[in-house]
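Here's the structure we're looking at; comments come further down.
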Amino acid sequence: MTRTTEDRPRDWMRHSRLKGLVAIVVGAGSGIGEETARIIAANEGMVVVADIREQAARDVASAIVAYGGKAIAVALDVGNEAHIDAAVARTIREFGQLDIVVNAAAVVKAGPLETSDLEDWKLSFRINVEGAIMLARTCLPHLRKSTHASIVQVASLAGIGAYPNGGAYGVTKAALIALTKTMAMEWVTDGVRVNVVSPGTVETPLMRAVLTPEVVQHRAARIPMERLGQPSELADTIVFLASPMASFITGQNLNCDGGLSQALMVQKFNPDL
10 MTRTTEDRPR DWMRHSRLKG LVAIVVGAGS GIGEETARII AANEGMVVVA DIREQAARDV
70 ASAIVAYGGK AIAVALDVGN EAHIDAAVAR TIREFGQLDI VVNAAAVVKA GPLETSDLED
130 WKLSFRINVE GAIMLARTCL PHLRKSTHAS IVQVASLAGI GAYPNGGAYG VTKAALIALT
190 KTMAMEWVTD GVRVNVVSPG TVETPLMRAV LTPEVVQHRA ARIPMERLGQ PSELADTIVF
250 LASPMASFIT GQNLNCDGGL SQALMVQKFN PDL
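Numbering-wise, my numbering comes out as the position in the sequence shown, counting from 1, plus 9.
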């Protein structure tokens, strides 16, 4: 029988694992980033809720504070180096330290390779790849001072296999995975762990905006767990990698996909899936 998210305890990680740690979560105005910010706060971490949509960031930060957590909101376009500098500077002013960076920002400009707009490709690389390295490099001097320094990127299964008609999205996510592994090896002696999570199809506002209901239904049917992922499930994975519980893990890409990355092998032996 297929288990649902309601079948498992949702509070397995709600405790003080992150007490005293400060995290910047980029793309935290909705979806995976929002849920990650909430779970970090629930674990007694202090959160900088960063998003290009300033009001969305404020709403999430206000909700965290209303439940007794510690959070501030910043407007952040991860493709703008000045924005990154300002957000990190404010983090240090408010909290005096930085321990965790979660980069869940992304842009999706889909289309076939033959006709996709070159400007969309440039924007995709600017946000999905260049933004990641600019953010990490700006945070690095502060992370070096932490005893629990961690960076977690959010990529995609589209960065592991072919993603036809996805435009630059899969290409940029493949680059992000490679970038993460390089960061991990270059900064390991600084005590900074760097990992990446690759989601399958997750029920987020971005997913609903990009995919038609028919495509969503088709994708859900292909997942061995027979359902879409939920933002909270991705957030739990991200927070685990960011936390001291994953202290011996770096340079890894963790697929969080309901078994989708193994689906071809599963279907070969079980045609009913």
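Think of the CB as a built atom: it goes at the ideal place given N, C-alpha and C, for glycine as much as any other residue.
Which of helix, strand or coil does DSSP assign to residue i?
{"i": "VAL138", "result": "helix"}
{"i": "SER71", "result": "helix"}
{"i": "ILE268", "result": "The sequence given here places Gly at residue 268; Ile does not occur at that position. Three-state DSSP puts GLY268 in coil, outside helix and strand."}
{"i": "ALA59", "result": "strand"}
{"i": "PRO214", "result": "helix"}
{"i": "ILE186", "result": "helix"}
{"i": "LEU263", "result": "strand"}
{"i": "GLY29", "result": "coil"}
{"i": "GLY175", "result": "strand"}
{"i": "ILE81", "result": "strand"}
{"i": "VAL201", "result": "strand"}
{"i": "PRO208", "result": "strand"}
Determine the direct distance from the alpha carbon of residue j to that of residue i, and round the result to whole angstroms.
{"i": "ASP129", "j": "VAL225", "result": "23 angstroms"}
{"i": "SER125", "j": "VAL31", "result": "40 angstroms"}
{"i": "GLY54", "j": "VAL203", "result": "19 angstroms"}
{"i": "ILE101", "j": "PRO121", "result": "43 angstroms"}
{"i": "LEU27", "j": "GLU123", "result": "47 angstroms"}
{"i": "HIS227", "j": "ALA95", "result": "42 angstroms"}
{"i": "PHE278", "j": "ALA272", "result": "Per-residue confidence for PHE278 stands at a pLDDT of 44, beneath the threshold of 50, marking its modelled position as unreliable; no derived number is given."}
{"i": "ALA158", "j": "GLY105", "result": "14 angstroms"}
Between residue i and residue j, is the Cβ-Cβ spacing less than 7 angstroms?
{"i": "PRO240", "j": "GLY36", "result": "no"}
{"i": "VAL87", "j": "TYR178", "result": "no"}
{"i": "THR246", "j": "VAL206", "result": "yes"}
{"i": "ALA264", "j": "SER270", "result": "Reading the sequence as shown, one finds Asn at residue 264 and not Ala. Yes, they are a contact pair."}
{"i": "GLY170", "j": "ALA183", "result": "no"}
{"i": "GLY38", "j": "ALA72", "result": "no"}
Cβ contact check for the region 42-58 and the region 70-90: 3 or more pairs under 8 angstroms: yes
Those runs of the alpha helix (DSSP H) which lie wholly inside the region 105-171 and span at least 4 residues: 127-134, 140-152
At least three beta-carbon pairs within less than 8 angstroms, the region 136-149 to the region 87-97: yes
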